Every structure is written in structure tokens, then in C-alpha cells.
Amino acid sequence: DSGVTQTPKHLITATGQRVTLRCSPRSGDLSVYWYQQSLDQGLQFLIQYYNGEERAKGNILERFSAQQFPDLHSELNLSSLELGDSALYFCASSVVKSGNYGYTFGSGTRLTVV
Amino acid sequence: SQKIEQNSEALNIQEGKTATLTCNYTNYSPAYLQWYRQDPGRGPVFLLLIRENEKEKRKERLKVTFDTTLKQSLFHITASQPADSATYLCALGDSNYQLIWGAGTKLIIKP
């Protein structure tokens, strides 16, 4: 157990639907990062939050949004889902706002859009 | 544009030998570099971080080197074991302190 909790582990939904992925960071970590990993692609950075505020954005689609709550857990909302959104979605946390410290990853949410 | 290259082909190593993985980068001057291990269907696990002013870092059977002139990092696993079989990812820290990830190299240790 890495200390980063992601729910649900698996999600199957239809095209056009909306889903919410949840992440609880490791205790004491203030930064939360969201990544997408498809079968034939590496880790794609989506977005980072630090202590409740958005810190950095990567290749996140407009259909996707995220937020970090006062208790530091984070949610990633994916809407108008397309087949190509099927992927593993990872959440990672870090104690600092920058990347010069190792990230702790959760076990991921496997999203299947049918 | 910034580019990170890791061997796309799987690396097959005999148990007990040293496995060496390569991470090359271009158009980039990272302040630090990280290595992770990823097993199928699991999240990456942080292994080592090396900064631009460090030439080498060690942790148990792992060793990482960082050559900013060659724009290359080498990741070594000595006395390799079948349990070391996994995909290994390198990630470089950019000027905004975000990580840019390589696609990873699959390492297979044969008994």
C-alpha cells in the first residue's frame, strides 16, 4: 500500500457519460497530480493541485476537470466520454509543490468506455 | 521540442548480471532526473532522484548516473534477479519543476 488511495479501481461506462475519479493523497502530502496512461502511450500529465489550488496544467482536455478539497483529497471529472478516453488514470502525491521530490502513485483507476 | 528517449525494445538480461538502462534527452536542461519502476497494471514506484550537480547516486543494488554533457542518464541494477523484471521509467524535471516522462524500457531478467 503506497498510501495514495484511488477509487474506484475499475469503471466501465458508455460513451457520452460522465464519471468522477477520486484520490486521497498520502498523509502529509500537499500536492496531487493526475496522469493518464493508455496502452500504447506513456504517462501523460493532466493537472496538478497544491494545497487546494491549481498549480500546473498539462494535456488535459476541456471535457476533463479536477479539484482538490480542503481535506486535500482530489477528484477528476471526465465528461462526454469517448472511446479514446479508455485508459488507466493515476493519481500521485508529493510533499512539495515542485517535482524535485519523488512522487507516490496510487494503484490507478482503469476506465473502460464502451 | 523537448524529447526523452528510452529503449523501446525490451531488455533481456541473465539473472546475476548487471542490467543497464538508458535515458537520453534533447533540447532540455533538467535540474534533476527521477527513475521509477512500474509493474503491469500498477502505479509507478519511485526509486531514485539525481540532481544536475550529482554524477552518481546509489541505493542498494541500484545505481544512477547523470551526464549533463552527454544529456544521458544510465540506470544500473547489479546482481539482477527475476523479481527485478518490470518497466523502468525515467522522468526529468523541467524549468517549472514538472516531470516529463519517458515511455519506459521493459526489463526481463531470465533465471
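For the protein sequence lines, the chains are A and B, in the order given. Residue numbering for the first sequence follows our numbering, beginning at 2 and increasing consecutively. Residue numbering for the second sequence follows our numbering, beginning at 8 and increasing consecutively. Cβ coordinates follow ideal geometry from the N, Cα and C atoms, glycine included. Just so we're clear, the structure is a prediction, and the values are computed from it rather than from any experiment.
Would you mind reading off the limits of the beta strand (DSSP E) that contains residue i?
i                     : result
residue 95 of chain B : 93 to 100
residue 47 of chain A : 44 to 51
residue 83 of chain B : 79 to 84
residue 88 of chain B : Per DSSP, residue 88 of chain B belongs to no beta strand (DSSP E) and is neither H nor E.
Which residues in the same chain as residue i place their Cβ atom closer than 6 Å to its Cβ, once the five residues preceding and following it in sequence are excluded?
i                     : result
residue 91 of chain B : 84 and 116
residue 33 of chain B : 10
residue 23 of chain A : 8 and 76
Is there a Cβ from chain A that is less than 7 Å from the Cβ of residue i?
i                      : result
residue 105 of chain B : yes
residue 108 of chain B : yes
residue 53 of chain B  : yes
residue 56 of chain B  : yes
residue 50 of chain B  : yes
Checking contacts by CB at 7 Å: is residue i closer than that to chain B?
i                      : result
residue 57 of chain A  : yes
residue 91 of chain A  : yes
residue 65 of chain A  : no
residue 106 of chain A : yes
residue 4 of chain A   : no
residue 29 of chain A  : no
residue 109 of chain A : yes
Suppose the cutoff is 7 Å on Cβ atoms and the five residues either side in sequence are ignored; what does the same chain contact list for residue i look like?
i                     : result
residue 61 of chain A : 47 and 48
residue 39 of chain B : 56, 57, 58, 59 and 100
residue 80 of chain A : 19 and 64
Buried or exposed: residue i, going by 16 or more other Cβ atoms within 10 Å of its Cβ?
i                      : result
residue 105 of chain A : buried
residue 71 of chain B  : buried
residue 45 of chain B  : buried
Next item on the list: Note down, in chain order, all residues in the segment 17 to 33 of chain B with a beta-carbon under 8 Å from any beta-carbon belonging to chain A.
Entry: none
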